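K.L.:
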Amino acid sequence: MDTARSSPRQRALVLALATICFLGIVLRVSNAQTSSVNSPASLEQLFQQQRWHDVVREAEAQDTRSADVEYYYGTALAQLGRWDDAAKAFRRGLMLAPDDKRFPIELGGVAYKQKHNREALTWLRRGIEIDPFDSYANDFLATIYFVHGNLEAALKYWNRIKKPFIEEIQTDRELKIRPVLLDRAFAFSPANELRLSDYRTTKRRLEGLGIFALYRISLVAGDDTRFAATFDGKERDGAGDGKWGALLGVFRGLPYQTVYPEYFNIGGEAKNFTSLIRWDAQKRRVAADFSSPLEGNPKYRYQFDLDLRNENWDIRPSFKGAAPLLGGLNLRTEALGGRVESFNSGRWGWTTGAEFSHREYRSVLAGSGLSPDVLLSGFQLKHLAELNYQLMRVPERRISMESSISLQTAAIWSTPRHTFEKLQGRLSGEWSPQLNGDDYKVQQTLRAGTTFGQAPFDELFMLGLERDNDLSMRAHIATHDGRKGSAPLGGNYMLSNWEIDKHVYNNGIFGLKLSPFLDTGRINGPTPGLGSKKWLWDTGVQTKISVLGVGITFTYGKDLRSGNNAFYVTTSR
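So the sequence shown is numbered by the numbering used here: it starts at 1 and just counts up by one.
(1) Under the assumption that GLU341 contacts ARG301 (Cβ atoms under 8 Å), give the Cβ distance between them as a whole number of angstroms.
(2) Among residues of its own chain, excluding the 5 on either side of ALA120, which ones have a beta-carbon nearer than 7 Å to its beta-carbon?
(3) Using DSSP with H/G/I as helix, E/B as strand and the rest coil, what is MET494?
(4) How big is the Cα-Cα spacing for ASP481 and GLN303?
(5) For LEU77, is the classification buried or exposed, using 16 other Cβ atoms within 10 angstroms of its Cβ as the cut-off for buried?
(6) Keeping to the same chain, check which residues put their C-beta closer than 6 Å to that of SER35; ignore five residues upstream and five downstream.
(7) If you measure between the beta carbons of ALA385 and LYS422, is that distance less than 8 Å?
(8) Determine the burial state of MET473: buried for a count of at least 16 other Cβ atoms within 10 Å of its Cβ, exposed for fewer.
(9) Can you check whether the CB of GLY551 is closer than 8 Å to the CB of ASN524?
(10) Run through DSSP, which three-state label would ASN138 get?
(11) Is it the case that the region 323 to 341 contacts the region 353 to 364, given that we only count it when at least three CB pairs across the two stretches are under 8 Å?
(12) If ALA475 and ASP538 are in contact, beta carbons under 8 Å, what's the gap, nearest whole angstrom?
(13) Considering only the alpha carbon of each residue, which of THR225, GLU207, ASP54 and LEU182 lies closest to LEU194?
(14) The alpha helix (DSSP H) spanning LEU77 covers which residue range?
(15) Determine, using beta carbons only, whether LEU575 and SER496 come nearer to each other than 8 Å.
(16) Counting along the chain, where does the alpha helix (DSSP H) carrying ASN117 start and finish?
(17) Using the three-state DSSP reduction, which class does GLY242 fall into: helix, strand or coil?
(18) From the DSSP output, which residues share a beta bridge with PRO293?
(19) My assumption, with CB atoms under 8 Å, is that ILE211 sits in contact with GLU235. Please give the rounded CB distance.
(20) Can you grab the Cα-Cα spacing for the pair TYR199 / ASN564, in whole Å?
(21) Where do the ends of the beta strand (DSSP E) carrying LEU615 lie?
(22) Using only alpha-carbon positions, find the residue among GLY74, TRP498, LEU560 and PRO164 that is nearest to ASN192.
(23) Does DSSP put ARG398 in a helix, a strand or coil?
(24) Using the Cα positions of ASN138 and TRP158, report the straight-line distance between them to the nearest angstrom.
(25) Whose C-beta lies closer than 8 Å to the C-beta of LEU325 among residues of the same chain, with five residues either side of it excluded?
(26) For the alpha helix (DSSP H) containing TYR199, list its first residue and its last residue.
(27) Taking only the alpha-carbon atoms, compute the straight-line gap between ALA662 and TRP52 and give it to the nearest angstrom.
(28) Can you give me the start and stop residues for the beta strand (DSSP E) that GLN91 sits inside?
(29) Using the beta-carbon count (16 or more within 10 Å), is MET392 buried or exposed?
(30) Have a look at SER532 and ASP559 and give me their C-alpha separation to the nearest angstrom.
(31) Output yes or no for whether 8 Å exceeds the beta carbon distance between LEU182 and GLU269.
(32) Are the beta-carbon atoms of GLY338 and GLY353 separated by less than 8 Å?
(33) Provide the residue span of the alpha helix (DSSP H) that contains ARG102, from first to last.
(34) Using the Cβ count rule (16 or more neighbours within 10 Å means buried), how would you classify GLN114?
(35) By the DSSP assignment, the beta strand (DSSP E) with ARG447 in it spans what residues?
(36) Going by beta-carbon coordinates alone, are SER400 and ARG426 separated by less than 8 Å?
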């Protein structure tokens, strides 16, 4: 009887358990079907079919997403124009897979579509760091730089994928230089890939011709990877750019009693003659040089120089006020020299040459600033050698750094005969912070020099602002009452020049820049009265004006040690 009464309860319990098991199986099958629909493989199929709305809907239905799902999701959002949401999806994917190049590359594409070009470049470079030879990323990155006028950066990345192929080289205007000579200046040729190294070598050799004040090499896109290279150069030919340009060029130094007779591109062969004639009673000078490509090859250039000077020097510790006279003399020098310069490549080059000279000193007023050891007169023979090398060039950052080292070895037949060597080094850097153009440009130059042996007075280094001197401390004018000698002199120096150029106005004929600067330097003289004793600090601003190819620079400088203010004007081609 008890067994009979319990049987219905057991049957009910078994039925309930069976029902629960059945429902569990149904739910598992349903979940499996849902998971199958939302799996990456299913999303990939929708992705390949370009069913973007379905990809978004299925991806959003998942509680958690893998890196692949985020990639499909972000791509679909981008195709639908939902750029911000796409960027968020790609960022989440990048967090899940930091070494997956797809995410930074796609983030670059999204940023480019939103016209955030700097951000696009940053993401694309990150993608290339993961895979340096990704064809799509390199082409995309190069194209952005190309559109923004940075051809060097474009070539850097195009060269990784064997682009661009040059079909022809064209000139935009009629030029007077011989076509054969111009053609030899180009290190690349039609029917070949344009390599970045060849482009830089070409630029160096075009500059070495000395006749192109402004020029541009641009590419015109053709079919597929093919381009036409176009050269557009503003040529110096004859005395200058037209009648007014020639007059400005020759007479640009009239305010300081100087004229500059010049003639460029003689016979269309890039043979140039430049000279200056100065009739200032304190600083008479006649100088001339003639240069030309060596045997019609733009890779090498030779130059002959003539320099005649008759200068009155007063050695003083300052260019202002009643500065005490530490010595004085009349210096007469005659020098004749020649050199050969090589433009081996865009990376490096060299110069070698010799100079034969004679000097004599008259009306010498010996004082604490002058000693017989520096007043070495007579004939001198000097050998010059220089090596230039580009240490760094990052075209996508628009940063470059160049260096040079030069050595001069000389013998002077004074009584007794002396020999000396002058060693100088230079390190210069340049940075244009904007994506394109040169609205801002930061420049820094470090220089140092030393002398071994006893050098004559006219071979001493000078830190100061003077038209015959290139070691500028821009609040230390090197003349007092028109006579040289008020800037520190010596045989060993260190000098730093920093400035930033800001374009204010430019219409192609007239240009204006403002350039704040900071100079610091120190020089040791062979006698205590000549050197600087302490580090010099100068600051100020330059106003740079260009008119028809002639530059005029107005300098205001302040000596931070003495408080002196300096005003100076220079001109240049």
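By construction, the Cβ of each residue, glycine as well, lies at the ideal position given by its N, Cα and C atoms. These numbers come from a predicted model, not from an experiment.
P.N.:
The structure says:
(1) Taking the sequence shown and counting its residues from 1, one reaches residue 341 at position 341. Taking the sequence shown and counting its residues from 1, one reaches residue 301 at position 301. About 5 Å separates the beta carbons of GLU341 and ARG301, which is inside the 8 Å limit, making them a contact pair.
(2) Counted from its first residue, the sequence shown places residue 120 at position 120. Around ALA120: GLY108, ALA111, TYR112 and ILE144.
(3) Reading the sequence shown from its first residue, position 494 is the one you call residue 494. Strand, per DSSP.
(4) Position 481 of the sequence shown, counted from the start, is the residue given in the question as residue 481. Position 303 of the sequence shown, counted from the start, is the residue given in the question as residue 303. Distance between the alpha carbons of ASP481 and GLN303: 35 Å.
(5) Within the sequence shown, the letter at position 77 stands for residue 77. Its Cβ being crowded by 16 or more others within 10 Å, LEU77 is buried.
(6) Along the sequence shown, one-based indexing puts residue 35 at 35. Bear in mind that a pLDDT of 41 at SER35, under 50, signals an unreliable position, so the number given afterwards is only what the model happens to contain. Excluding the 5 residues flanking it on each side, SER35 has no same chain C-beta neighbour closer than 6 Å.
(7) By one-based count along the sequence shown, residue 385 stands at place 385. By one-based count along the sequence shown, residue 422 stands at place 422. No.
(8) Taking the sequence shown and counting its residues from 1, one reaches residue 473 at position 473. MET473 is buried by the Cβ-count criterion.
(9) The sequence position of residue 524 within the sequence shown is 524, counting from 1. The sequence position of residue 551 within the sequence shown is 551, counting from 1. Result no, Cβ atoms of ASN524 and GLY551 do not sit closer than 8 Å.
(10) As a working mapping, residue 138 is identified with position 138 in the sequence shown. ASN138 falls in the helix class under three-state DSSP.
(11) Touching, per the Cβ criterion.
(12) On the sequence shown, residue 475 is found 475 positions in, with the first residue counted as 1. On the sequence shown, residue 538 is found 538 positions in, with the first residue counted as 1. Contact annotation, ALA475 with ASP538: C-beta distance approximately 4 Å; criterion of less than 8 Å satisfied.
(13) Reading the sequence shown from its first residue, position 194 is the one you call residue 194. For the residues THR225, GLU207, ASP54 and LEU182, the minimum Cα distance to LEU194 belongs to THR225.
(14) The sequence position of residue 77 within the sequence shown is 77, counting from 1. From DSSP, the alpha helix (DSSP H) with LEU77 extends over 67 to 79.
(15) A query on residue 575 cannot be resolved here, the shown segment of the chain reaching from 1 to 573 and no further.
(16) Taking the sequence shown and counting its residues from 1, the one referred to as residue 117 is at position 117. Segment 117 to 130, the alpha helix (DSSP H) holding ASN117.
(17) Counting from 1 along the sequence shown, the entry for residue 242 is found at position 242. In this structure, GLY242 counts as helix in the three-state DSSP scheme.
(18) One-based indexing of the sequence shown puts residue 293 at position 293. PRO293 is bridged to ARG301.
(19) Counting from one through the sequence shown, the residue named residue 211 turns up at place 211. Counting from one through the sequence shown, the residue named residue 235 turns up at place 235. The distance from the Cβ of ILE211 to that of GLU235 is about 6 Å, consistent with a contact at the 8 Å cut-off.
(20) Your numbering for residue 199 matches position 199 in the sequence shown. Your numbering for residue 564 matches position 564 in the sequence shown. The C-alpha of TYR199 lies about 47 Å from the C-alpha of ASN564.
(21) Here the chain covers residues 1 to 573 and nothing more, so residue 615 does not appear.
(22) On the sequence shown, residue 192 is found 192 positions in, with the first residue counted as 1. Among GLY74, TRP498, LEU560 and PRO164, the Cα nearest to that of ASN192 belongs to PRO164.
(23) Sequence index remark: in the sequence shown, residue 398 carries index 398 (1-based). Three-state DSSP puts ARG398 in coil, outside helix and strand.
(24) On the sequence shown, residue 138 is found 138 positions in, with the first residue counted as 1. On the sequence shown, residue 158 is found 158 positions in, with the first residue counted as 1. The straight-line gap from Cα to Cα measures roughly 6 Å.
(25) Start at 1 with the first residue of the sequence shown, and residue 325 comes out as number 325. The residues are ASP314, ILE315, ARG316, LEU365 and GLY367.
(26) In the sequence shown, the residue the question calls residue 199 occupies position 199. Counting along the chain, the alpha helix (DSSP H) containing TYR199 begins and ends at 196 to 208.
(27) Residue 662 cannot be examined here, being either before or after the span of the chain that is shown, 1 to 573.
(28) Along the sequence shown, one-based indexing puts residue 91 at 91. Residue identity check: residue 91 is Arg in the sequence provided, not Gln. Bounds of any beta strand (DSSP E) do not take in ARG91; it lies within the alpha helix (DSSP H) bounded by 83 to 96.
(29) Reading the sequence shown from its first residue, position 392 is the one you call residue 392. Burial call: exposed.
(30) As a working note, residue 532 is residue 532 in the sequence shown. As a working note, residue 559 is residue 559 in the sequence shown. Cα-Cα distance, rounded: 13 Å.
(31) Residue mapping note: residue 182 aligns to position 182 of the sequence shown, counting from 1. Residue mapping note: residue 269 aligns to position 269 of the sequence shown, counting from 1. In this structure, LEU182 lies away from GLU269, with their beta-carbon atoms at least 8 Å apart.
(32) Within the sequence shown, the letter at position 338 stands for residue 338. Within the sequence shown, the letter at position 353 stands for residue 353. In this structure, the beta-carbon distance from GLY338 to GLY353 falls below 8 Å.
(33) Here residue 102 refers to the residue found at position 102 when the sequence shown is read from its first residue. Start and end: 102 to 113.
(34) One-based indexing of the sequence shown puts residue 114 at position 114. Flag for GLN114 reads exposed.
(35) Position 447 of the sequence shown holds residue 447. From DSSP, the beta strand (DSSP E) with ARG447 extends over 440 to 453.
(36) The count along the sequence shown starts at 1 and reaches residue 400 at position 400. The count along the sequence shown starts at 1 and reaches residue 426 at position 426. Cβ atoms of SER400 and ARG426: not closer than 8 Å.
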